[in-house]
Each structure stands twice: as C-alpha cells, then as structure tokens.
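Before any comments, here is the structure.
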C-alpha cells in the first residue's frame, strides 16, 4: 500500500506568517492536532513544516509567550520530513519512527502537498487488520470444530 493511497487528503494549512493564535483557532475549528505550514505558489501548496498542538503547549504556552506575537515560521524546524505519495506505507512509517514524528506531510513529485500521514491513522489501520485476522482465525477454529463432530 502506498502512502498516497492511505493518507488523509483533507489537510489544514496555514501560511508561515500566520500567528500562533490563528493556528490554534484553526486546530480547534477543525478538531485537529496539527497545522501544515505551507507557502502558496501557482495554485499549489508546498509544505515548510508541521506545527502540532504539543508544540504550542511546550514552546509557547508553557514558556509564557504571547501567541499573537509568534509566527508559525518561528516554530517550524528543519529539515522537514515528508513522504512521496508513491512511497510504500511501511517505509514511511519506518522513517517517521526513526525521526520520532507522529505526522508527516505527503507530497507529489513536484513537492506539492497532497495529504498528511499520521501515526494515529496507521494504528487504526493496523487495528482493523488485526481484527480481520482475528475473525479469520475464529472462523477457521469454528469450521475445524464442526468437521470433528
């Protein structure tokens, strides 16, 4: 399965000059834990970074900084970890784990944003797969028990 087949396509995006306060409003409005910071160019969005709710708490609120005075560009870190849409899901997850990130922008061949891959979504997929396997094992046990009687 490729990252592009699996990623969430509905992504909340803000420009690098937006305030932290604006980002928190977007997160609350859309019930998400992150905002992709991106620049617009010729009708496409090119990701620059990811700002998460945890970043806001640890870097801004806990530090006592006024969220109106900080721009999203002040919080993004380099280099941005992203995945190509055609990359295999397992490879992308390995890279996320190696860098310790839970969310990763997904881009096309030109580097334009197409979606986001989150560990929460991957865990949900794996849980569904495990449930399907469990149902298969239970069905086989039931069939085997019927054959014995």
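In our numbering, the protein residues as written are 38 to 186. C-beta atoms are modelled at their ideal positions from N, C-alpha and C, and glycine is treated no differently. Small disclaimer: the values here were computed from a predicted structure and weren't measured.
Could you have a look at residue 113 and say whether DSSP puts it in helix, strand or coil? coil
Comparing C-alpha positions only, which one of 65, 116, 164 and 45 sits nearest to residue 89? 65
For the alpha helix (DSSP H) containing residue 61, list its first residue and its last residue. 57–67
Below 8 Å CB to CB, which residues in the same chain sit around residue 60 once its five sequence neighbours on both sides are set aside? Taken in chain order, the residues that qualify are 51, 72, 88, 93 and 109.
Short of 6 Å in beta carbon distance, which residues of its chain neighbour residue 49, apart from the five on each side in sequence? Order them along the chain. 63, 67, 69 and 72
So, residue 120 versus residue 143, is the Cβ gap smaller than 8 Å? yes
Is the separation between the beta-carbon of residue 82 and that of residue 150 shorter than 8 Å? It is a contact, given that the beta carbons lie within the stated cut-off.
Have a look at 156, 53 and 172 and flag the residue whose alpha-carbon is nearest the alpha-carbon of residue 126. 156
In this structure, does DSSP put residue 121 in helix, strand or coil? strand
Can you give me the C-alpha to C-alpha distance between residue 104 and residue 85, rounded to a whole angstrom? 20 Å
Output the boundary residues of the alpha helix (DSSP H) element that contains residue 167. Start and end: 156–185.
Rounded Cβ spacing between residue 140 and residue 153 (contact assumed at less than 8 Å): 6 Å
On the criterion of 16 or more Cβ atoms from any shown chain inside 10 Å, does residue 102 qualify as buried, or is it exposed? Counting Cβ neighbours within 10 Å, residue 102 comes out exposed, since fewer than 16 surround it.
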